[in-house]
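Quick note: the sequence shown uses the numbering used here, first residue 10, plus one each step. Beta carbons: idealized from backbone N, C-alpha and C, even for Gly. The structure appears below as structure tokens.
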Amino acid sequence: MERYLLLQPGPEKWESQAVLNPAVYREGKTVHLFYRAVGFNRSMIGYAKITDGEIERFRKPALKPEYGWEKEGTEDPRLVKIGNLFYLLYVAYDGRNARTALAISRKLPKFEKRGIVSPQLTVKEALGLVKDERYAKAWRKQVKHHGLRSIIWDKDAVLFPEKIKGRFWMLHRIEPDIQLVRFKRWQELKERDFWEEYLRELDQHTLMKPAFRWESEKIGAGCPPIKTRKGWLLIYHGAGKAGRIKRGIERIKRGFGFKGWDLVYRAGIALLDRKRPEKVVARLEKPFFGPKYKWEKRGDVANVVFPTGAFIRKGVLEIYYGCADSRIGVLKAPLEEVFERLGV
């Protein structure tokens with residue numbers, strides 16, 4: 010495997026603090042990169058084009074906060090093209106609530122926002138609908154910081170890059186699992202009744218739960234699934250607690266300005282059935298990769314690799330990911346090696 014640093018914070022004020030968690034779309038020799046950019050602790054979505062290894066960085070953000078429901082940040086985009094339309098899902102943050110929003114485009118890089126497409130239910134309402142008590146534990150941090158009347162956080166939403174059986178298929182993350190929602194019309198996701206029924210049967214909509222020590226705290230969809238001859242390749246992230254000794258050492262270092270030492274974010278891979286993607290046919294027990302280099306270990310939030318975009322080019326899987334919530338990296342691995350590690 011090969012990995013390298015691709016992009017660092019830029020000279021423009023809106024991206025001077027951090028760049029991270031990019032959505033990617035490959036079009037011939039060009040790779041379109043839509044990334045989260047942070048300046049003065051507020052997130053926007055920047056845009057760059059990569060052609061033959063040359064990066065052209067646009068001076069103005071592609072998307073920025075415009076409405077009340079996203080006033081504190083437009084974050085962590087994921088991008089696919091279905092038919093003639095590009096669909097960009099991103100996290101809309103208003104300072105209290107983190108929800109999934111949609112923007113569409115016929116021609117990159119311009120997008121038209123279409124609003125919130127995740128549940129508009131409070132934590133208190135959601136707790137009254139779900140049947141598994143583990144969610145109460147998972148949502149404890151949100152309740153502590155934002156209260157029972159905050160909207161249930163729903164992040165890490167990614168679309169399959171084609172309709173399946175006439176429906177959109179979207180992975181998303183209501184902590185701590187990865188869920189799968191299927192729908193025909195986007196309007197369905199704006200209806201309260203739809204999500205109330207969905208939450209009542211949340212376990213039935215759960216694709217994957219944390220299964221291994223390295224992802225014991227939570228998992229989330231990373232890159233849009235990639236269709237291969239073996240099945241749908243799903244690259245996701247998992248968060249697990251750092252070892253006891255490491256936590257102790259790093260908490261001392263935290264006093265010198267580093268944050269986030271209690272958790273380590275790593276990348277995992279699962280393979281979904283080609284015809285029935287709701288079925289997981291293989292999953293790595295160990296991380297596919299984790300923080301290794303200084304630029305992945307040191308940053309705004311330490312010890313984070315956060316995959317959000319990927320494609321296959323000439324038999325090589327290319328994964329674009331956020332590094333320590335501060336910069337963007339790329340990992341390349343032969344696809345056959347990935348299949349070998351999965352045992353398929």
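Buried or exposed (CB count within 10 angstroms, at least 16 for buried), residue 1: There is no way to answer for residue 1, as the model of the chain reaches only from 10 to 353.
Measure the alpha-carbon distance for residue 178 versus residue 271 and round it to whole angstroms. Taking the sequence shown and counting its residues from 1, the one referred to as residue 178 is at position 169. Taking the sequence shown and counting its residues from 1, the one referred to as residue 271 is at position 262. Rounded to the nearest angstrom, the two C-alpha atoms are 33 Å apart.
For residue 202, report the span of its alpha helix (DSSP H) as first-last. Mapped onto the sequence shown, residue 202 falls at position 193. Counting along the chain, the unbroken alpha helix (DSSP H) around residue 202 starts and ends at 201 to 209.
Buried or exposed for residue 119, going by 16 or more other Cβ atoms inside 10 Å? Here the question's residue 119 lines up with position 110 in the sequence shown. The residue is exposed, with fewer than 16 neighbouring Cβ atoms inside 10 Å.
Comparing alpha-carbon positions, which option in 94, 235, 108 and 135 lies nearest residue 115? One-based indexing of the sequence shown puts residue 115 at position 106. Nearest C-alpha to residue 115: 94.
Measuring alpha carbon to alpha carbon, tell me which residue in 286, 319, 353 and 238 is nearest residue 293. As a working note, residue 293 is residue 284 in the sequence shown. Comparing Cα-Cα distances from residue 293 to each of 286, 319, 353 and 238, the minimum goes to 353.
Buried or exposed: which applies to residue 202, given that a residue is buried once 16 or more other Cβ atoms fall within 10 Å of its Cβ? Locating residue 202 in the sequence shown gives position 193, counting from the first residue. Per the 10 Å Cβ criterion, exposed.
Excluding the 5 residues preceding and the 5 following residue 265 in the sequence, name in chain order all residues of the same chain whose CB lies nearer than 8 Å to its CB. Translated into the one-based positions of the sequence shown, residue 265 becomes position 256. Only weak support exists for where residue 265 lies, its pLDDT of 48 falling under 50; the value from the coordinates is given anyway. Contacts found: none.
Taking residue 296 and residue 223 to be in contact with their CB atoms under 8 Å, please state how far apart those CB atoms are, rounded to whole angstroms. As a first step, residue 296 is located in the sequence shown; it is residue number 287 there, counting from the start. As a first step, residue 223 is located in the sequence shown; it is residue number 214 there, counting from the start. Rounded, the Cβ-Cβ distance is 5 Å, consistent with contact.
How should residue 16 be labelled, buried or exposed, when 16 other C-beta atoms within 10 angstroms of its C-beta is the threshold for buried? One-based indexing of the sequence shown puts residue 16 at position 7. It is buried - the Cβ of residue 16 has at least 16 other Cβ atoms within 10 Å.
Which parts of the region 124 to 199 are runs of the beta strand (DSSP E), unbroken and 3 residues or longer, counting only runs that do not cross its ends? 164 to 168, 177 to 182 and 187 to 192
Can you give me the C-alpha to C-alpha distance between residue 307 and residue 283, rounded to a whole angstrom? In the sequence shown, counting from the first residue as 1, residue 307 sits at position 298. In the sequence shown, counting from the first residue as 1, residue 283 sits at position 274. Answer to the nearest angstrom: the Cα atoms are 38 Å apart.
May I ask you to list the residues that DSSP assigns as paired with residue 332? Along the sequence shown, one-based indexing puts residue 332 at 323. Residue pairing by DSSP places residue 332 opposite 314 and 336 in a beta bridge.
Excluding sequence positions up to five away, which residues of its chain have a Cβ less than 8 Å from the Cβ of residue 38? On the sequence shown, position 29 is the one that residue 38 refers to. Excluding residues within five positions, the ones whose Cβ falls inside 8 Å are 60 and 61.
For residue 348, collect the residues of the same chain with a Cβ closer than 7 Å to its Cβ; drop the 5 residues on either side in sequence, then sort them by chain order. As a working note, residue 348 is residue 339 in the sequence shown. 239.
Indicate the three-state DSSP secondary structure (helix, strand or coil) for residue 352 in the structure shown. Taking the first residue of the sequence shown as 1, we reach residue 352 at position 343. For residue 352, the three-state secondary structure derived from DSSP is coil.
Residues near residue 278 by beta carbon distance below 8 Å, same chain, minus five either side: Indexing the sequence shown from 1 puts residue 278 at position 269. Excluding residues within five positions, the ones whose Cβ falls inside 8 Å are 242, 243, 244, 245, 292, 293, 297, 347, 350 and 351.
Given residue 123 as reference, the closest of 145, 113, 58 and 210 once Cα atoms are compared: Reading the sequence shown from its first residue, position 114 is the one you call residue 123. For the residues 145, 113, 58 and 210, the minimum Cα distance to residue 123 belongs to 113.
Can residue 86 and residue 80 be called in contact, C-beta distance under 8 Å? What you label residue 86 is simply residue 77 of the sequence shown in a count that begins at 1. What you label residue 80 is simply residue 71 of the sequence shown in a count that begins at 1. No, Cβ-Cβ distance for residue 86 and residue 80 is not below 8 Å.
Of the listed residues 304, 133, 49 and 324, nearest to residue 343 (C-alpha basis): The residue labelled residue 343 in the question sits at position 334 within the sequence shown. When only C-alpha atoms are compared, the closest one is 324.
Assign residue 287 to one of three DSSP states: helix, strand, or coil. For the purposes of this step, residue 287 is taken as the residue at position 278 of the sequence shown. Coil, per DSSP.
Length at least 3, wholly inside the region 41 to 104: the beta strand (DSSP E) runs in chain order: 51 to 60, 63 to 66, 82 to 91 and 94 to 102
Through-space distance from residue 212 to residue 228, alpha-carbon basis: Position 219 of the sequence shown holds residue 228. Position 203 of the sequence shown holds residue 212. Going by the C-alpha atoms only, they are around 15 Å apart.
If distances are taken between C-alpha atoms only, which option among 169, 131 and 235 comes closest to residue 208? Position 199 of the sequence shown, counted from the start, is the residue given in the question as residue 208. For the residues 169, 131 and 235, the minimum Cα distance to residue 208 belongs to 131.
Out of curiosity, what's the CA-to-CA distance linking residue 290 and residue 49? Translated into the one-based positions of the sequence shown, residue 290 becomes position 281. Translated into the one-based positions of the sequence shown, residue 49 becomes position 40. In a straight line, the C-alpha of residue 290 is about 44 Å away from that of residue 49.
Does the beta-carbon distance from residue 106 to residue 159 come in below 8 Å? One-based indexing of the sequence shown puts residue 106 at position 97. One-based indexing of the sequence shown puts residue 159 at position 150. Yes; because the gap between Cβ atoms is below 8 Å, this pair is in contact.
Please confirm if residue 196 has its CB atom under 8 Å from at least one CB of chain B. Protein chain content of the structure displayed is limited to a single chain, and chain B is not contained in it.
Decide if residue 338 is buried, meaning its Cβ has at least 16 other Cβ atoms within 10 Å, or exposed. As a working note, residue 338 is residue 329 in the sequence shown. Buried: at least 16 other Cβ atoms inside 10 Å.
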